[in-house]
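Working notes, beginning with the structure itself.
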Ligand SMILES: Cc1cc2nc3c(=O)[nH]c(=O)nc-3n(C[C@H](O)[C@H](O)[C@H](O)COP(=O)(O)OP(=O)(O)OC[C@H]3O[C@@H](n4cnc5c(N)ncnc54)[C@H](O)[C@@H]3O)c2cc1C
Ligand code: FES
């Protein structure tokens, strides 16, 4: 049985119980704000004014609200007729616009499970992004996969992605087993609000695994600025190979005044002399009071949520916690 969704403008459309409200809107030709499509970025976040709904799958960008009416339209399905407090867009969101072709110009196997993929765009489609944002890559199954851009904008407008292998993953499996130089990938974006906005405030960056990618982009951009505020980077991994760009990060530290860096190994061997344990615990060990400090976290949803709870318990402001959580379909 279908339900009826009514927008603030009065426009209505039907939704099936097995589809998200965002998918129902798209099917009806109604454009609503959206970007990642997997509950991570918060672009489709809204309030349900009347009616009942259920979230399916990860909703990490909602983890930071107590409002029971807050909904992510890319994860919420309507259980009854509902009214939503959101304005429709006059044109399709970028996610629904045609993709642009990007050529694979370099592939570097950083570790068994991390591939660095460099893409170049045609002159008419040079990516215009802010460091920290991500792109969507359309797979042959018709669904987009999100990947953070790992570099600050370059003269040749190439972008670099750090793609972690997912066991049984369709797209990441393709990347590790079949992707070749010169292959064309269909890309959309850029998307996301995980961008640096703390020029006058001390900040802590917390990365898990390939969550270092957007932070690398932000730090690379910061080498062009004179920062007066202390910056601290903690990078967590369960094995040493996981610090696959340790040397590059150390070079960025040398180029950015006031940046400290600590790799944190969750399963340390006998010869490890660095920080050990979960990455958010390492932050707590170093900072008794986080009031006045902005926190940027990126990585898997468990790590991002654990970091959020940990730093807020030490006085970090929820509205000064910024995250990209690597959620998936
Ligand atoms: C905003 C954003 C930015 C991202 N940036 C990056 C990035 O820079 N680097 C990067 O490596 N990844 C990143 N991700 C995660 C990445 O999008 C997914 O890992 C990817 O979509 C997996 O696609 P797949 O086709 O291989 O897996 P699918 O075929 O779509 O999924 C196969 C199975 O694996 C599960 N799965 C999929 N992805 C993951 C995962 N990440 N962890 C655990 N289980 C998973 C699925 O639920 C499913 O059961 C980002 C995600 C988001 C939302
Ligand atoms: S589009 Fe719904 S959270 Fe990103």
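Residue numbers (the UniProt record's numbering): 1 to 329.
Glycine included, each C-beta is placed from N, C-alpha and C at the ideal position.
Since this is a predicted model, take the numbers as computed values, not measurements.
| Extent of the continuous alpha helix (DSSP H) run through residue 27 | To locate residue 27, count along the chain shown from 1; it is residue 27. Run containing residue 27: 21-27, per the alpha helix (DSSP H) assignment.
| task | Report all residues for which the CB-ligand distance to some heavy atom of ligand 2 is below 7 Å; order them along the chain. | result | Spelled out in chain order, the answer is 22, 34, 35, 36, 37, 38, 39, 40, 41, 42, 43, 44, 45, 61, 72, 73, 74 and 75.
| Just checking my contact of residue 217 with residue 300 at CB under 8 Å: how many whole Å lie between their CB atoms? | Stepping through the chain shown from its first residue, residue 217 is reached at position 217. Stepping through the chain shown from its first residue, residue 300 is reached at position 300. Actually they do not touch by this definition, with Cβ atoms about 19 Å apart.
| Delimiting residues of the beta strand (DSSP E) encompassing residue 324 | Taking the chain shown and counting its residues from 1, the one referred to as residue 324 is at position 324. Run containing residue 324: 321-325, per the beta strand (DSSP E) assignment.
| said: Please determine whether the Cβ atom of residue 327 lies at a distance below 7 Å from any heavy atom of ligand 1. | reply: Walking along the chain shown from the start, residue 327 turns up at place 327. Residue 327: yes, Cβ under 7 Å from ligand 1.
| query | Per DSSP, what kind of secondary structure is residue 44 in: helix, strand or coil? | reply | Sequence index remark: in the chain shown, residue 44 carries index 44 (1-based). The answer is coil: DSSP assigns residue 44 none of H, G, I, E or B.
| Beta-bridge partners of residue 16, as assigned by DSSP | Here residue 16 refers to the residue found at position 16 of the chain shown. Residue 16 is not bridged to any residue.
| request: Measure the alpha-carbon distance for residue 97 versus residue 121 and round it to whole angstroms. | output: To locate residue 97, count along the chain shown from 1; it is residue 97. To locate residue 121, count along the chain shown from 1; it is residue 121. Taking the straight line joining both Cα atoms gives about 17 Å.
| task | May I ask you to check if the CB of residue 210 is nearer than 7 Å to at least one heavy atom of ligand 1? | result | Within the chain shown, numbered from 1, the residue matching residue 210 stands at position 210. Correct: residue 210 has its Cβ closer than 7 Å to ligand 1.
| task | For the beta strand (DSSP E) containing residue 105, list its first residue and its last residue. | result | By 1-based counting over the chain shown, the position of residue 105 is 105. For residue 105, the enclosing beta strand (DSSP E) stretches over residues 100-111.
| said: Please report the distance separating the alpha-carbon of residue 60 from that of residue 233. | reply: Working through the chain shown from its first residue, we reach residue 60 at position 60. Working through the chain shown from its first residue, we reach residue 233 at position 233. The straight-line gap from Cα to Cα measures roughly 22 Å.
| field | Given 8 Å, three or more beta-carbon pairs between the region 102-111 and the region 164-181 | value | yes
| field | Same chain, Cβ closer than 6 Å to residue 320, neighbours up to 5 away in sequence not counted | value | In the chain shown, the residue the question calls residue 320 occupies position 320. Excluding sequence neighbours, residue 320 sits near 294.
| field | Closer than 7 Å: residue 255 CB and nearest ligand 1 heavy atom | value | On the chain shown, position 255 is the one that residue 255 refers to. Result no, Cβ not under 7 Å from ligand 1.
| query | Whose C-beta lies closer than 8 Å to the C-beta of residue 191 among residues of the same chain, with five residues either side of it excluded? | reply | Within the chain shown, numbered from 1, the residue matching residue 191 stands at position 191. Cβ neighbours of residue 191 beyond the five flanking positions: 35, 36, 41, 43, 94, 95, 133, 134, 135, 136 and 146.
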